[in-house]
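Input: a single structure, listed below in structure tokens.
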Amino acid sequence: MEIREARSTDASAINELLDQLGYPQAAEATTAARIQSWSDDPAGAVYVADTDQGLLGVIAVHTCPFFERDGTWARIVALVVSSQARRQGIGARLVAAAESFATHHGCLRIEVTSSPHRTQAHTFYQSHNYTITPTRFLHTLPH
Numbered sequence: 003m004e005i006r007e008a009r010s011t012d013a014s015a016i017n018e019l020l021d022q023l024g025y026p027q028a029a030e031a032t033t034a035a036r037i038q039s040w041s042d043d044p045a046g047a048v049y050v051a052d053t054d055q056g057l058l059g060v061i062a063v064h065t066c067p068f069f070e071r072d073g074t075w076a077r078i079v080a081l082v083v084s085s086q087a088r089r090q091g092i093g094a095r096l097v098a099a100a101e102s103f104a105t106h107h108g109c110l111r112i113e114v115t116s117s118p119h120r121t122q123a124h125t126f127y128q129s130h131n132y133t134i135t136p137t138r139f140l141h142t143l144p145h
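Shown next, in the form of structure tokens:
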């Protein structure tokens, strides 16, 4: 297995993974453009777990400067491992790649948001030294 940066040509496989997470994608071209946009942004990265069986996982990470103090922090925006390949260390390797990206960019911390019903994901993150901080406020903006 190779953990590598995603390419636009990975869009179809990434769409399948995102669909497993409950986020069906409308078009392969849209995802390909999104991957290219992330690749062009030095503050973000998308990594995939590439195997002989195809792509089995994807993670997206983005950095952001603090306002209230010096430094930056990172956020895991998406992580999914194929339902047929879970509990094989793929998620851990993807998280390690995201953490390495964040460390390389001088981030002081990394965070991830997980829906309350994703209890297996919560267990996974806690086993990788992520702590629960339960307060989050979300407001959807008109577009």
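Numbered according to the numbering used here, the sequence shown spans residues 3 to 145. Here a beta-carbon is modelled for each residue, glycine too, at the ideal position from N, C-alpha and C.
Between the CA atoms of residue j and residue i - distance to the nearest angstrom
| i | j | result |
| --- | --- | --- |
| Ile134 | Thr125 | 10 angstroms |
| Pro44 | Gln38 | 12 angstroms |
| Pro26 | Leu20 | 6 angstroms |
| Thr32 | Tyr132 | 32 angstroms |
| Arg88 | Glu101 | 20 angstroms |
| Ala8 | Ile112 | 20 angstroms |
| Ala28 | Arg95 | 28 angstroms |
| Gly56 | Glu18 | 11 angstroms |
| Tyr127 | Gln86 | 19 angstroms |
| Thr53 | Gly59 | 10 angstroms |
| Pro144 | Asp42 | 27 angstroms |
Neighbour-count burial assignment, residue i, 16 or more Cβ in a 10 Å radius
| i | result |
| --- | --- |
| Ala76 | buried |
| Gly93 | buried |
| Ser84 | buried |
| Asp72 | exposed |
| Asp12 | buried |
Same chain, Cβ closer than 7 angstroms to residue i, neighbours up to 5 away in sequence not counted
| i | result |
| --- | --- |
| Ala99 | Ile5, Tyr49, Ile61 |
Where the alpha helix (DSSP H) through residue i begins and ends
| i | result |
| --- | --- |
| Ala15 | 13 to 22 |
| Thr36 | Note on identity: in this sequence residue 36 is Arg, with Thr being the wrong assignment. It spans 30 to 42 - the alpha helix (DSSP H) in which Arg36 sits, taken as one unbroken run. |
| Gly93 | 92 to 106 |
Range of the contiguous beta strand (DSSP E) that encloses residue i
| i | result |
| --- | --- |
| Thr65 | 56 to 67 |
| Tyr49 | 46 to 53 |
Cutoff 8 angstroms; reference residue i; Cβ partners in own chain excluding five residues on either side
| i | result |
| --- | --- |
| His107 | Ala45, Thr65, Thr74, Ala76 |
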